[in-house]
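**Q**
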Amino acid sequence: MVDVSQLALLILPITLLMLGGAFLQVWFGQNGRHSALWYSASFLAVGVGFILIVTMPNVIEAGHGLYIWLPALFGLTTALIGLSITQTGKPANGFLFAAVLAVITISTYTALGMTVSAFIVTGEVSCLIFYALGIYLCRVGPGRTSDKYLFAVMIAGAAVFLVRIALFLEGFQREISVQTLLESNYLVTLQFFSSLIIIGGGLSMLAGEMESRFASQRRDDLTDPLSGLLTRRGFYSVMPAMIERARSEGLPLSLILLDIDHFKDVNDNHGHTAGDRVICAFGGLISEASRGSDLAGRMGGEEFALLLVGADEEVTRRVAERMRRGFMALQMPETQYDTHTTSLGLVNIPPNCSFEEAYKRADDALYLAKRSGRNRYVEWSGDMREEVEHSVPEGAVFA
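Numbering (the working numbering), first residue to last: 208 to 606.
The structure is reproduced here in structure tokens:
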């Protein structure tokens with residue numbers, strides 16, 4: 208007859224192995240999502256560890272339980288590394304926490320005398336520390352919905368293992384055999400609740416991986432592959448919130464439209480590969496000129512936009528001139544031109560002006576810069592009756 212208690216003990220390792228396989232599939236599908244690989248290694252290792260505990264009780268009773276626990280310990284440490292990558296983007300904290308967990312685990316087992324009870328208490332303590340460190344990592348994460356669920360699971364897991372330690376110390380006052388423990392209602396019951404916690408944590412981690420994947424795909428969809436800047440769609444998806452936040456904080460706003468001069472000639476005379484190199488270089492130049500609070504995008508073809516937050520008219524002029532001079536200084540031998548130039552249209556955005564109106568004003572100023580000879584910036588003023596054309600003399604110094 209099949210032993211129901213033994214079957215119940217297999218719930219946890221089977222669940223772990225299934226989650227490990229799921230994360231491995233995610234890793235294959237995401238092409239380099241390292242946290243998914245760490246999670247996969249974690250669940251697979253812990254699953255193997257629990258199978259060894261159930262199938263090799265004699266090794267534990269002989270005082271060599273640490274060897275049986277090593278796969279599970281490896282799984283807990285790799286989970287911390289994967290969690291650190293997911294929450295902070297860096298594995299450093301994960302490696303540090305993994306080392307702390309390993310040292311505490313080995314020290315606890317050795318200090319308690321390497322008995323069966325020592326093995327059990329060491330495992331419970333290791334899991335408790337794992338959940339405590341997991342709570343910290345979830346707190347410093349990006350705060351996504353999946354992170355909040357995982358945070359709740361980590362708290363529940365810590366609580367469960369606190370109860371497990373207390374119940375074990377209360378229920379087993381003397382040294383016991385592994386077989387007695389495996390047949391006890393204590394282990395079967397708590398194994399069931401631990402399975403629920405692990406399933407919840409695994410699903411939350413899996414949801415976090417998928418959420419990160421979708422976010423990465425969305426960034427790729429909204430990013431121009433040549434310039435590295437936002438596409439027009441990406442620019443307009445971010446712009447409203449930036450303007451609303453800037454106006455609520457009373458910060459000035461300015462818009463610069465940029466257009467590469469004679470770009471059609473580059474494509475016609477030197478091919479689209481050369482044109483792509485120019486777009487790439489120009490995008491890098493704009494990216495370097497923009498600050499963390501600004502928004503830059505390629506609006507189509509050779510036209511670009513830079514929304515400056517917290518920049519008054521003087522700062523906007525300086526940024527525009529720095530980009531104009533920087534583009535002239537770029538060396539691109541493949542186009543066989545000594546210099547490349549750009550024309551720019553500038554506009555300060557008043558509080559009562561819509562972005563669409565500001566964009567039209569900047570576009571009118573850009574048109575005037577083109578019509579006036581290119582390689583200059585023009586600042587929109589009034590109703591275009593008082594356009595101010597700036598052709599900065601050589602030797603002028605800008606920050």
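All residues carry an ideal CB built from backbone N, CA and C; glycine is no exception.
Count the C-beta pairs between the region 405-418 and the region 216-229 that are closer than 8 Å, then say yes if the count reaches three, no if not.
**A** Short answer: they touch.
**Q** Is it true that the CB of Leu492 sits closer than 9 Å to the CB of Asp501?
**A** In the sequence shown, counting from the first residue as 1, residue 501 sits at position 294. In the sequence shown, counting from the first residue as 1, residue 492 sits at position 285. No, these two residues do not count as a Cβ contact at 9 Å.
**Q** Taking contact to mean 3 or more Cβ pairs, one atom from each stretch, closer than 8 Å, check whether the region 481-492 and the region 575-588 are in contact.
**A** Result no; under three Cβ-Cβ pairs closer than 8 Å.
**Q** Please return the same chain residues whose Cβ sits closer than 6 Å to the Cβ of Trp587, not counting the five positions on each side in sequence.
**A** Here residue 587 is taken as the residue at index 380 of the sequence shown, counted from 1. Taken in chain order, the residues that qualify are Val554, Arg568, Ala572.
**Q** Suppose the cutoff is 6 Å on Cβ atoms and the five residues either side in sequence are ignored; what does the same chain contact list for Ile486 look like?
**A** Numbered from its first residue, the sequence shown carries residue 486 at position 279. Once the five neighbours on either side are set aside, the close Cβ partners of Ile486 are Leu433, Ser434.
**Q** By DSSP's criteria, Asp674 is part of a beta bridge. Which residues make up the other side?
**A** The structure shown does not extend to residue 674, since the chain is modelled only from 208 to 606, so the question has no answer here.
**Q** Out of Gly508, Arg532, Leu280, Lys471, which one is the CA nearest neighbour of Ile313?
**A** Counting from one through the sequence shown, the residue named residue 313 turns up at place 106. Comparing Cα positions, the closest option is Leu280.
**Q** Looking at Ile404 and Val323, is the spacing between their C-beta atoms short of 9 Å?
**A** Position 116 of the sequence shown, counted from the first residue, corresponds to residue 323. Position 197 of the sequence shown, counted from the first residue, corresponds to residue 404. No, the pair does not count as a contact, with Cβ atoms beyond the cut-off.
**Q** Unbroken alpha helix (DSSP H) runs of length 4 or more, entirely within the region 551-584: which are they?
**A** 562-578, all fully within the region 551-584.
**Q** Assign Tyr274 to one of two classes, buried (16 or more other C-beta atoms within 10 Å of its C-beta) or exposed (fewer than that).
**A** As a working mapping, residue 274 is identified with position 67 in the sequence shown. It is exposed - the Cβ of Tyr274 has fewer than 16 other Cβ atoms within 10 Å.
**Q** Would you kindly work out how many angstroms separate the C-alpha atoms of Gly272 and Leu376, rounded to a whole number?
**A** Within the sequence shown, the letter at position 65 stands for residue 272. Within the sequence shown, the letter at position 169 stands for residue 376. Cα to Cα, the separation comes out at about 19 Å.
**Q** Mind checking which residues open and close the alpha helix (DSSP H) that includes Arg498?
**A** The residue you call residue 498 lines up with position 291 of the sequence shown. Run containing Arg498: none; DSSP gives neither H nor E here.
**Q** So, is Phe399 buried or exposed, given that buried needs 16 or more other C-beta atoms within 10 angstroms?
**A** Against the sequence shown, residue 399 aligns to sequence position 192. Phe399 comes out exposed.
**Q** By Cβ distance below 7 Å, which residues in the same chain neighbour Val209 in space, the five residues on each side in sequence not counted?
**A** The sequence position of residue 209 within the sequence shown is 2, counting from 1. With a pLDDT of only 43 at Val209, under 50, the local geometry of the prediction cannot be trusted, and the value read off the model is given with reservation. No residues qualify anywhere along the chain.
**Q** Can you tell me the Cα-Cα spacing of Val526 and Thr295, whole angstroms?
**A** For the purposes of this step, residue 526 is taken as residue 319 along the sequence shown, with counting starting at 1. For the purposes of this step, residue 295 is taken as residue 88 along the sequence shown, with counting starting at 1. Taking the straight line from one Cα to the other gives about 33 Å.
**Q** Just to confirm, is the Cβ distance from Phe534 to Thr549 under 9 Å?
**A** Position 327 of the sequence shown holds residue 534. Position 342 of the sequence shown holds residue 549. Yes.
**Q** Kindly indicate which three-state DSSP category Lys318 falls into: helix, strand or coil?
**A** Against the sequence shown, residue 318 aligns to sequence position 111. The question names Lys, yet the displayed sequence has Ala at residue 318. The answer is helix: DSSP assigns Ala318 an H, G or I state.
**Q** For the candidate residues Tyr316, Phe337, Gly407, whose alpha-carbon lies nearest to that of Val328?
**A** Start at 1 with the first residue of the sequence shown, and residue 328 comes out as number 121. Nearest of Tyr316, Phe337, Gly407 to Val328, Cα basis: Tyr316.
**Q** Can you give me the Cβ contacts of Arg439 inside the same chain, cut-off strictly under 8 Å, excluding the 5 residues immediately before and after it?
**A** Numbered from 1 along the sequence shown, position 232 holds the residue referred to as residue 439. Gly504, Arg505, Met506, Gly507, listed in sequence order.
**Q** To the nearest angstrom, how far is the alpha carbon of Ser598 from that of Arg583?
**A** For the purposes of this step, residue 598 is taken as the residue at position 391 of the sequence shown. For the purposes of this step, residue 583 is taken as the residue at position 376 of the sequence shown. The predicted model places Ser598 with a pLDDT of 43, which falls under 50 and marks its position as unreliable; any figure quoted below should be read in that light. Approximately 6 Å between the Cα atoms of the pair.
**Q** Can you give me the C-alpha to C-alpha distance between Ala448 and Ser455, rounded to a whole angstrom?
**A** Translated into the one-based positions of the sequence shown, residue 448 becomes position 241. Translated into the one-based positions of the sequence shown, residue 455 becomes position 248. Going by the C-alpha atoms only, they are around 10 Å apart.
**Q** When you compare the CB positions of Leu283 and Gly254, do they come within less than 9 Å of one another, or not?
**A** In the sequence shown, residue 283 corresponds to position 76, counting from 1. In the sequence shown, residue 254 corresponds to position 47, counting from 1. No. Outside cutoff.
**Q** Would you check if the distance between the CB atom of Leu224 and the CB atom of Leu259 is smaller than 9 Å?
**A** The residue given as residue 224 occupies position 17 in the sequence shown. The residue given as residue 259 occupies position 52 in the sequence shown. For Leu224 and Leu259, no; Cβs fall outside 9 Å.
**Q** Could you check the C-alpha separation between Leu436 and Gly490 for me, to the nearest Å?
**A** Working through the sequence shown from its first residue, we reach residue 436 at position 229. Working through the sequence shown from its first residue, we reach residue 490 at position 283. Answer to the nearest angstrom: the Cα atoms are 6 Å apart.
**Q** Only counting the same chain, and skipping five residues up and downstream in sequence, which positions put a Cβ closer than 8 Å to that of Ile372?
**A** Position 165 of the sequence shown, counted from the start, is the residue given in the question as residue 372. For Ile372, where only same-chain residues beyond five positions count, the Cβ hits under 8 Å are Val328, Glu331, Val332, Leu335.
**Q** Quick check on Ser401 - is its C-beta less than 9 Å from some C-beta in chain B?
**A** Considering every chain present, this structure includes no chain B. It has just one protein chain.
**Q** Given this structure, state the Cα-to-Cα distance separating Pro278 from Leu287, to the nearest angstrom.
**A** Along the sequence shown, one-based indexing puts residue 278 at 71. Along the sequence shown, one-based indexing puts residue 287 at 80. Rounded to the nearest angstrom, the two C-alpha atoms are 14 Å apart.
**Q** From Leu357, Asp428, Glu495, pick the residue whose C-alpha is nearest to that of Gly341; which is it?
**A** On the sequence shown, position 134 is the one that residue 341 refers to. It is Leu357 whose Cα lies nearest to the Cα of Gly341.
**Q** Candidates Ala496, His547, Val261: which alpha carbon is nearest Met530's?
**A** On the sequence shown, position 323 is the one that residue 530 refers to. Among Ala496, His547, Val261, the Cα nearest to that of Met530 is on Ala496.
**Q** Just the Cα atoms here: how many angstroms apart are Asp472 and Arg420?
**A** As a working note, residue 472 is residue 265 in the sequence shown. As a working note, residue 420 is residue 213 in the sequence shown. Between Asp472 and Arg420, the C-alpha separation is close to 40 Å.
**Q** Based on the DSSP secondary-structure assignment, which residues constitute the bridge partners of Thr430?
**A** Counted from its first residue, the sequence shown places residue 430 at position 223. DSSP lists Leu437 as partners of Thr430.
**Q** So if DSSP puts Gly364 in a beta bridge, which residue, or which two residues, is it bridged to?
**A** As a position in the sequence shown, residue 364 is number 157, starting the count at 1. None, per the DSSP bridge assignment.
**Q** Three-state secondary structure (DSSP) at Leu280?
**A** Within the sequence shown, residue 280 is the residue found at index 73, counting from 1. In this structure, Leu280 counts as helix in the three-state DSSP scheme.
**Q** Do Leu460 and Ser444 have their C-beta atoms closer together than 9 Å?
**A** Here the question's residue 460 lines up with position 253 in the sequence shown. Here the question's residue 444 lines up with position 237 in the sequence shown. No; because the gap between Cβ atoms is not below 9 Å, this pair is not in contact.
**Q** With DSSP run on the structure shown, which of helix, strand or coil describes Gly504?
**A** As a working note, residue 504 is residue 297 in the sequence shown. Strand at Gly504.
**Q** Indicate the three-state DSSP secondary structure (helix, strand or coil) for Ser588 in the structure shown.
**A** Taking the sequence shown and counting its residues from 1, one reaches residue 588 at position 381. The answer is coil: DSSP assigns Ser588 none of H, G, I, E or B.
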